[in-house]
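In the UniProt record's numbering, the protein residues as written are 1 to 232. Reviewing the structure listed below.
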């Protein structure tokens with residue numbers, strides 16, 4: 001389709017700092033390169049982020065309430081997780097962009113024309129947890145609203161670290177933190193990860209921190225500790 005809404009075949013989108021220069025003109029370009037010192041931050045494992053650091057970051061609302069984060073792939077397409085879209089109706093979903101706070105109510109909300117759950121999504125093992133949203137009308141892309149890059153690097157041995165951004169609960173049992181968060185995490189070799197967590201599939205990447213306490217979600221960390229045995 002000429003309007004850019006042709007179906008995309010997606011691998012996995014990683015937030016890679018070494019995106020190819022040829023892609024940097026159209027995707028993955030930040031207008032802010034600042035990464036604040038998080039030493040004094042009270043956020044567990046990460047800290048507050050400015051939206052200009054992740055200009056592809058969007059919020060997905062369902063019935064007016066925050067549902068999930070997502071990334072701009074193009075003026076028409078939003079990348080998110082399949083588990084966010086299960087049993088959802090496109091008519092109740094909206095996309096916003098432009099502010100890091102969940103409390104902002106004056107942002108333009110984009111309507112969804114179609115939602116796509118990966119046909120082989122496994123909700124038990126979270127395999128193929130990738131989904132797409134097609135907008136009813138296109139985003140106006142500019143220096144503050146930039147699509148994320150799809151990496152051309154396919155050799156996992158060349159990948160080391162990545163960044164995770166989004167909204168969520170930063171301390172267990174507390175309410176969702178209202179400001180966009182970021183955390184840098186280290187990629188782990190798949191075989192090493194699989195040895196500790198056999199439920200990991202070939203479609204997944206493993207990431208974490210040798211020191212612990214840094215992740216995209218709150219989980220039981222005992223298997224991860226096996227990846228980084230304690231030294232006396």
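Backbone N, C-alpha and C define an ideal beta-carbon position, used for all residues, glycine too. This one's a predicted model, so the numbers in the text were calculated from it and none came from an experiment.
Could you compute how far the alpha carbon of residue i sits from the alpha carbon of residue j?
i           : j           : result
residue 128 : residue 193 : 17 Å
residue 180 : residue 204 : 24 Å
residue 153 : residue 116 : 25 Å
residue 155 : residue 135 : 32 Å
residue 202 : residue 162 : 19 Å
residue 98  : residue 54  : 10 Å
residue 195 : residue 91  : 43 Å
residue 130 : residue 178 : 24 Å
residue 68  : residue 84  : 6 Å
residue 226 : residue 139 : Low local confidence applies: a pLDDT of 40 at residue 226 is under 50, so the model's placement there is unreliable, and no value is given.
residue 47  : residue 147 : 23 Å
residue 78  : residue 111 : 12 Å
residue 125 : residue 93  : 25 Å
residue 165 : residue 206 : 16 Å
residue 120 : residue 199 : 16 Å
residue 254 : residue 49  : The chain is shown only over 1 to 232; residue 254 falls outside these bounds and no answer can be derived.
Using 8 Å for Cβ pairs, my map puts residue i next to residue j. What's the rounded Cβ distance?
i           : j          : result
residue 109 : residue 95 : 7 Å
residue 133 : residue 80 : 6 Å
residue 167 : residue 63 : Between residue 63 and residue 167 the Cβ distance is about 17 Å, and since that is not below 8 Å, they are no contact.
residue 118 : residue 74 : About 18 Å separates the two Cβ atoms, so there is no contact after all.
Need the endpoints of the alpha helix (DSSP H) that residue i sits in, please.
i           : result
residue 193 : 190-196
First and last residue of the beta strand (DSSP E) that includes residue i?
i           : result
residue 110 : 110-117
residue 164 : 161-166
Quick one: is residue i buried, meaning 16 or more other Cβ sit within 10 Å of its Cβ, or exposed?
i           : result
residue 143 : exposed
residue 22  : For residue 22, the predicted structure reports a pLDDT of 36, less than 50, and the residue's modelled location is therefore unreliable. A value from the coordinates is still provided. Exposed.
residue 86  : exposed
residue 59  : buried
residue 189 : exposed
Which full runs of the alpha helix (DSSP H) of 4+ residues lie inside the region 35-99, going along the chain? none
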